[in-house]
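Enquirer:
Number of protein chains: 2
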Amino acid sequence: MTHSIPVSLPDSSYNVAIAPQQLPQLGTTLKTLKLGKKILVISNPDVFNVYGETVMTSLEDAGFETASHLIAAGESHKTLATVAQIYDMALGQRLERSSTLLALGGGVIGDMTGFAAATWLRGIHFVQVPTSLLAMVDASIGGKTGVNHPQGKNLIGAFYQPKLVYIDPLVLKTLPDREFRAGMAEVIKYGVIWDRELFALLEQAPQLATLQQLTPDLLTAIIARSCQAKVDVVTQDEKEAGLRAILNYGHTMGHAIESLTGYGAINHGEAVALGMIAVGRMATHLGLWSTEDEGRQRALIAKAGLETCIPQAIAINDLLNTLQWDKKVKDGKIRFILPDGIGKAVISDQITERVIREAITEVTED
Amino acid sequence: MTHSIPVSLPDSSYNVAIAPQQLPQLGTTLKTLKLGKKILVISNPDVFNVYGETVMTSLEDAGFETASHLIAAGESHKTLATVAQIYDMALGQRLERSSTLLALGGGVIGDMTGFAAATWLRGIHFVQVPTSLLAMVDASIGGKTGVNHPQGKNLIGAFYQPKLVYIDPLVLKTLPDREFRAGMAEVIKYGVIWDRELFALLEQAPQLATLQQLTPDLLTAIIARSCQAKVDVVTQDEKEAGLRAILNYGHTMGHAIESLTGYGAINHGEAVALGMIAVGRMATHLGLWSTEDEGRQRALIAKAGLETCIPQAIAINDLLNTLQWDKKVKDGKIRFILPDGIGKAVISDQITERVIREAITEVTED
Numbered sequence: 121m122t123h124s125i126p127v128s129l130p131d132s133s134y135n136v137a138i139a140p141q142q143l144p145q146l147g148t149t150l151k152t153l154k155l156g157k158k159i160l161v162i163s164n165p166d167v168f169n170v171y172g173e174t175v176m177t178s179l180e181d182a183g184f185e186t187a188s189h190l191i192a193a194g195e196s197h198k199t200l201a202t203v204a205q206i207y208d209m210a211l212g213q214r215l216e217r218s219s220t221l222l223a224l225g226g227g228v229i230g231d232m233t234g235f236a237a238a239t240w241l242r243g244i245h246f247v248q249v250p251t252s253l254l255a256m257v258d259a260s261i262g263g264k265t266g267v268n269h270p271q272g273k274n275l276i277g278a279f280y281q282p283k284l285v286y287i288d289p290l291v292l293k294t295l296p297d298r299e300f301r302a303g304m305a306e307v308i309k310y311g312v313i314w315d316r317e318l319f320a321l322l323e324q325a326p327q328l329a330t331l332q333q334l335t336p337d338l339l340t341a342i343i344a345r346s347c348q349a350k351v352d353v354v355t356q357d358e359k360e361a362g363l364r365a366i367l368n369y370g371h372t373m374g375h376a377i378e379s380l381t382g383y384g385a386i387n388h389g390e391a392v393a394l395g396m397i398a399v400g401r402m403a404t405h406l407g408l409w410s411t412e413d414e415g416r417q418r419a420l421i422a423k424a425g426l427e428t429c430i431p432q433a434i435a436i437n438d439l440l441n442t443l444q445w446d447k448k449v450k451d452g453k454i455r456f457i458l459p460d461g462i463g464k465a466v467i468s469d470q471i472t473e474r475v476i477r478e479a480i481t482e483v484t485e486d
Numbered sequence: 121m122t123h124s125i126p127v128s129l130p131d132s133s134y135n136v137a138i139a140p141q142q143l144p145q146l147g148t149t150l151k152t153l154k155l156g157k158k159i160l161v162i163s164n165p166d167v168f169n170v171y172g173e174t175v176m177t178s179l180e181d182a183g184f185e186t187a188s189h190l191i192a193a194g195e196s197h198k199t200l201a202t203v204a205q206i207y208d209m210a211l212g213q214r215l216e217r218s219s220t221l222l223a224l225g226g227g228v229i230g231d232m233t234g235f236a237a238a239t240w241l242r243g244i245h246f247v248q249v250p251t252s253l254l255a256m257v258d259a260s261i262g263g264k265t266g267v268n269h270p271q272g273k274n275l276i277g278a279f280y281q282p283k284l285v286y287i288d289p290l291v292l293k294t295l296p297d298r299e300f301r302a303g304m305a306e307v308i309k310y311g312v313i314w315d316r317e318l319f320a321l322l323e324q325a326p327q328l329a330t331l332q333q334l335t336p337d338l339l340t341a342i343i344a345r346s347c348q349a350k351v352d353v354v355t356q357d358e359k360e361a362g363l364r365a366i367l368n369y370g371h372t373m374g375h376a377i378e379s380l381t382g383y384g385a386i387n388h389g390e391a392v393a394l395g396m397i398a399v400g401r402m403a404t405h406l407g408l409w410s411t412e413d414e415g416r417q418r419a420l421i422a423k424a425g426l427e428t429c430i431p432q433a434i435a436i437n438d439l440l441n442t443l444q445w446d447k448k449v450k451d452g453k454i455r456f457i458l459p460d461g462i463g464k465a466v467i468s469d470q471i472t473e474r475v476i477r478e479a480i481t482e483v484t485e486d
């Protein structure tokens, strides 16, 4: 059965549908929305190989005119040039304002497809069918779309909401373990900043490092709670004016780590986990967090099979310099999200460089 | 004195300020808005040569940190590649979310700068200082931003509202006559579809083909009424769901003419004038319009020094084929805006190809 989480925004409301083993019902679900007849599916070869036929058949059986366009996997393809390819395909298929771009894939596919949908004909319909844990619990919800600039991640983009996010948790069975663990970093984040019951659920789980040993029910519950956390936050702050910033817990530091290691050696989730480790330490130093809670976070991150030390190869001065470039810097001040308990967080741009430096040093490999 | 037209939209309200001879007060006016300290001015060499110093001095005197980036003039530069240059400059200047992109120029500069502002860091502040009549009365108001695709105008873009549109009508004194007349096409359009008093004002004006013989007061009145017409329509329909379509009177046909002649030989306003001529004829054929009103429109277009016949070089079959590609086509049907009086218009997608063909033939040069 399908669990629906409504996302209510002033201009555009939609549902996040969590539908275990329901991928073949995608077409009939879309049929209930007011979409035009054309759907262009954007995916990558790995995902499309496994799920392409199911999705295309489902859409065609529901009466849609379909086409697909594949983009090579990986963050390095998340560029304006790749979006230009989607534009060309949209033109070739004569997509109209009532047509739909459907993202079938992970966060890279979703972010780029969403940006193309936001900007083709000044906005056509957009549907997310995330196939990675990271995309399910994070990237697909909240309307952030975009591509990377050669000098920084997600610098080019738009806020643009999908008409539907359709999640079949069971598609994760083909996800590489490393990608699964990267998604768990975001799940743990929600536990720390928003949902202490989710945090407890994760602590009680037999393990978190691979999907194979999680029951479908536990997996679905973890995904549903994470999606609900993200929906709670983004519906209260669609355009990141205030509260939504707490979702960036671990991210400002994480982005800097990704940027310094060239986007790839350390993936997004792994970098966010390291960011949470570093910022968690800052929170403890500032007296906001207890050593015990910091330890519980570290234990969960380790349980998910994620690294808990920043690699020695990352020079602290490079890291501090890169932090200054982050788009969340306001008037030169770096804004950090600091946990102050399990399930809640505060925002501060008053952290001194000394505290940042000390925390990073302490959580870097010897 | 400044005449302010408020634009009230659900998410973003702003003013269109009509401020004759007030360009040097731009900085102090911006100071009253809540903008960050950095302003990057985007302009073209022709405009910046004449008004750059006034604008930059005004901004700096008001305490802003400024930089400028010039883009070669012309529609052919309205591309994703040029926007990428603006991104590079935004990065180089370390623009933050609170920073501002200011468009100083005509529609091309405004559309591209707006699109860059909409998509840099998922949206930074945007201010329009239009310097052509076309940009003042049309492009700068309503939030349409974007660039051309090699195969179609404005296919890539976003709806994004400025924080202020600041119009000094007197800057038009350096505008070439041909550009002035192109702007008059849009002014006449407002008269036909929305404002019969504006139409009458234009009929009573001693002439409309050059700025030099218009008094500053009459020029300001014409611009203010045109801006008010556009504001009236866009505030009732921000995202072009319904009413706003009437602003496309003459445009679907005009875009096709521009596209077929390679964007340039016939400029936007000239093409729109020809579009109004052709569609006006369709309206008369359909019994919606009187021969007398059609004649009054033709007389005004001629008075503004604009052509009233489609060039013979444009083959009717090419024109019909190009019309099918317009982004305002919905489920294969071409939607036309048809005047049914002076000051009002209706929307129809039920026009037969025979009527379209006949009207075009009749208004094409022998």
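As you go down the protein sequences, you meet chains A and B in turn.
Heads up: the first sequence is residues 121 to 486, going by this note's numbering.
Heads up: the second sequence is residues 121 to 486, going by this note's numbering.
Just so it is clear, CB atoms sit at the ideal spot from N, CA and C, and this is done for glycine as well.
Would Gln356(A) count as contacting chain B if we go by Cβ distances under 9 Å?
Expert: Sequence index remark: in the first sequence, residue 356(A) carries index 236 (1-based). By this cut-off, Gln356(A) is not an interface position.
Enquirer: Verify the CB distance criterion: does Pro282(A) have a CB-CB separation below 9 Å to chain B?
Expert: Numbered from its first residue, the first sequence carries residue 282(A) at position 162. By this cut-off, Pro282(A) is not an interface position.
Enquirer: Would you tell me roughly how many angstroms separate the C-alpha atoms of Ile397(B) and Glu360(A), rounded to the nearest one?
Expert: Here the question's residue 397(B) lines up with position 277 in the second sequence. Here the question's residue 360(A) lines up with position 240 in the first sequence. Roughly 47 Å separates the two Cα atoms.
Enquirer: Suppose the cutoff is 6 Å on Cβ atoms and the five residues either side in sequence are ignored; what does the same chain contact list for Gln248(B) look like?
Expert: By 1-based counting over the second sequence, the position of residue 248(B) is 128. Taken in chain order, the residues that qualify are Ala223, Gly230, Ser260, Pro282 and Val285.
Enquirer: Could you check the C-alpha separation between Thr472(B) and Asp181(B) for me, to the nearest Å?
Expert: If you number the second sequence from 1, residue 472(B) lands on position 352. If you number the second sequence from 1, residue 181(B) lands on position 61. Straight-line Cα distance between these residues: approximately 59 Å.
Enquirer: From the DSSP output, in three-state form, read off Phe319(A) for me.
Expert: Against the first sequence, residue 319(A) aligns to sequence position 199. Reduced to three states, the DSSP call for Phe319(A) is helix.
Enquirer: What residues from chain B crowd round His269(A), counting only those whose CB sits closer than 7 Å?
Expert: Within the first sequence, numbered from 1, the residue matching residue 269(A) stands at position 149. Residues of chain B passing the Cβ test: Tyr207 and Leu211.
Enquirer: Measuring straight from C-alpha to C-alpha, what distance separates Asn387(A) and Pro144(A)?
Expert: Residue numbering aside, residue 387(A) sits at position 267 when the first sequence is read from its first letter. Residue numbering aside, residue 144(A) sits at position 24 when the first sequence is read from its first letter. Computed Cα separation, rounded: 30 Å.
Enquirer: Please report the residue range of the beta strand (DSSP E) in which Ile454(A) lies.
Expert: Residue numbering aside, residue 454(A) sits at position 334 when the first sequence is read from its first letter. Here Ile454(A) belongs to no beta strand (DSSP E), and DSSP marks it neither H nor E.
Enquirer: What does Leu200(B) touch in chain A if you count any residue whose Cβ is under 7 Å from its own?
Expert: Position 80 of the second sequence, counting from 1, holds the residue named residue 200(B). By Cβ distance, chain A contributes Leu200 and Ala204.
Enquirer: Mind checking if Ile276(A) is an interface residue toward chain B, Cβ cutoff 9 Å exclusive?
Expert: If you number the first sequence from 1, residue 276(A) lands on position 156. Yes, its Cβ sits closer than 9 Å to a Cβ of chain B.
Enquirer: Looking at chain A, which residues of the stretch 379–396 of chain B have a Cβ within less than 7 Å of any of its Cβ atoms?
Expert: none
Enquirer: Under a three-way DSSP split, which group does Asn387(A) fall into?
Expert: Taking the first sequence and counting its residues from 1, one reaches residue 387(A) at position 267. Under the three-state reduction of DSSP, Asn387(A) is assigned to coil, being neither helix nor strand.
Enquirer: Distance check for Ala376(A) and Leu322(A), CA to CA, integer angstroms please.
Expert: Numbered from 1 along the first sequence, position 202 holds the residue referred to as residue 322(A). Numbered from 1 along the first sequence, position 256 holds the residue referred to as residue 376(A). Approximately 27 Å, taken between the alpha carbons.
Enquirer: Rank His269(A), Ile244(A) and Pro289(A) by C-alpha distance to the C-alpha of His123(A) and give the top, closest one.
Expert: Residue mapping note: residue 123(A) aligns to position 3 of the first sequence, counting from 1. Closest option to His123(A), Cα to Cα, is Pro289(A).
Enquirer: Name the residues in the stretch 177–201 of chain B whose C-beta lies less than 7 Å from a C-beta of chain A; which are they?
Expert: Leu200
Enquirer: What does the alpha-carbon distance come out to for the pair Ala393(B) and Glu299(B)?
Expert: Locating residue 393(B) in the second sequence gives position 273, where the first residue counts as 1. Locating residue 299(B) in the second sequence gives position 179, where the first residue counts as 1. So the two alpha carbons sit approximately 13 Å from each other.
Enquirer: Out of Ile308(A), Leu129(A), Ser410(A) and His405(A), state which residue places its alpha-carbon closest to the alpha-carbon of Arg474(A).
Expert: The residue given as residue 474(A) occupies position 354 in the first sequence. Distance from the Cα of Arg474(A) is smallest, within the candidate group Ile308(A), Leu129(A), Ser410(A) and His405(A), for His405(A).
Enquirer: What would DSSP say about Ser252(A), mapped onto helix, strand or coil?
Expert: As a position in the first sequence, residue 252(A) is number 132, starting the count at 1. Correct three-state label for Ser252(A): coil.
Enquirer: Could you tell me the boundaries of the alpha helix (DSSP H) in which Lys567(B) lies?
Expert: Outside the displayed span of chain B (121 to 486) sits residue 567(B), for which this structure offers no information.
Enquirer: Determine, using beta carbons only, whether Ala139(B) comes closer than 9 Å to chain A.
Expert: Indexing the second sequence from 1 puts residue 139(B) at position 19. False, the Cβ-Cβ gap to chain A never drops below 9 Å.
Enquirer: Taking Met121(A) as the reference, which of Gln141(A), Ala344(A) and Ile436(A) has the closest Cα?
Expert: Numbered from 1 along the first sequence, position 1 holds the residue referred to as residue 121(A). Nearest C-alpha to Met121(A): Gln141(A).
Enquirer: Applying a beta-carbon distance threshold of less than 8 Å, which residues of chain A neighbour Trp240(B)?
Expert: For the purposes of this step, residue 240(B) is taken as residue 120 along the second sequence, with counting starting at 1. In chain order: Leu275 and Ile276.
Enquirer: Could you check if Ala210(A) is buried or exposed, using at least 16 other CB atoms within 10 Å of its CB as the buried criterion?
Expert: For this step, residue 210(A) is matched to residue 90 along the first sequence. By the neighbour-count rule (16 or more Cβ atoms within 10 Å), Ala210(A) is buried.
Enquirer: Going along the chain, which residues of its own chain have a beta-carbon closer than 6 Å to the beta-carbon of His245(A), five neighbours each way excluded?
Expert: Within the first sequence, the letter at position 125 stands for residue 245(A). Correct list, in chain order: Leu155, Thr220 and Lys283.
Enquirer: In its own chain, which residues sit with a C-beta less than 8 Å from the C-beta of Val483(A), not counting the 5 before and 5 after it?
Expert: Looking up residue 483(A) in the first sequence gives position 363. The beta carbon of Val483(A) sits closer than 8 Å to those of Leu394, Ile397, Ala398, Arg401, Thr428, Cys429 and Ile430, all from its chain and outside the five residues before and after it, given in chain order.
Enquirer: What does Gly266(B) touch in chain A if you count any residue whose Cβ is under 8 Å from its own?
Expert: Position 146 of the second sequence, counting from 1, holds the residue named residue 266(B). What Gly266(B) touches in chain A: Thr239 and Arg242.
Enquirer: Roughly how many angstroms separate the alpha carbons of Tyr403(B) and Pro459(B), rounded to a whole number?
Expert: Start at 1 with the first residue of the second sequence, and residue 403(B) comes out as number 283. Start at 1 with the first residue of the second sequence, and residue 459(B) comes out as number 339. The sequence as given places Ala at residue 403(B); Tyr does not occur at that position. Taking the straight line from one Cα to the other gives about 6 Å.
Enquirer: Spatial neighbours of Asp438(B) within its chain, please: C-beta separation below 6 Å, excluding the five flanking residues on both sides.
Expert: Translated into the one-based positions of the second sequence, residue 438(B) becomes position 318. These residues qualify, in order along the chain: Leu380.
Enquirer: Do we get a CB-CB distance below 9 Å when we pair Pro431(A) with the residues of chain B?
Expert: In the first sequence, counting from the first residue as 1, residue 431(A) sits at position 311. It does not: the Cβ of Pro431(A) has no partner Cβ on chain B nearer than 9 Å.
Enquirer: State the Cα-Cα distance for the pair Phe279(B) and Leu150(A), rounded to the nearest angstrom.
Expert: Translated into positions along the second sequence, residue 279(B) becomes position 159. Translated into positions along the first sequence, residue 150(A) becomes position 30. Taking the straight line from one Cα to the other gives about 25 Å.
Enquirer: Pick helix, strand or coil for Pro289(A), following the three-state DSSP scheme.
Expert: Locating residue 289(A) in the first sequence gives position 169, where the first residue counts as 1. Pro289(A): helix per DSSP, three-state reduction.
Enquirer: Return helix, strand or coil for Thr372(B), following the three-state DSSP convention.
Expert: In the second sequence, residue 372(B) corresponds to position 252, counting from 1. Judged by DSSP in its simplified three-state form, Thr372(B) adopts helix.
Enquirer: Three Cβ pairs or more, each shorter than 8 Å: is that satisfied between the stretch 127–139 of chain B and the stretch 269–279 of chain B?
Expert: no
Enquirer: Quick one, which of Ile454(B), Gln444(B) and Gln432(B) has its alpha-carbon nearest Glu485(B)'s?
Expert: Taking the second sequence and counting its residues from 1, one reaches residue 485(B) at position 365. Glu485(B) has its Cα closest to that of Gln432(B), out of Ile454(B), Gln444(B) and Gln432(B).
Enquirer: If contacts are defined as beta-carbon pairs under 8 Å, then Lys158(B) and Gly262(B) qualify, I think. What distance do you get, rounded to the angstrom?
Expert: Counting from one through the second sequence, the residue named residue 158(B) turns up at place 38. Counting from one through the second sequence, the residue named residue 262(B) turns up at place 142. Actually they do not touch by this definition, with Cβ atoms about 26 Å apart.
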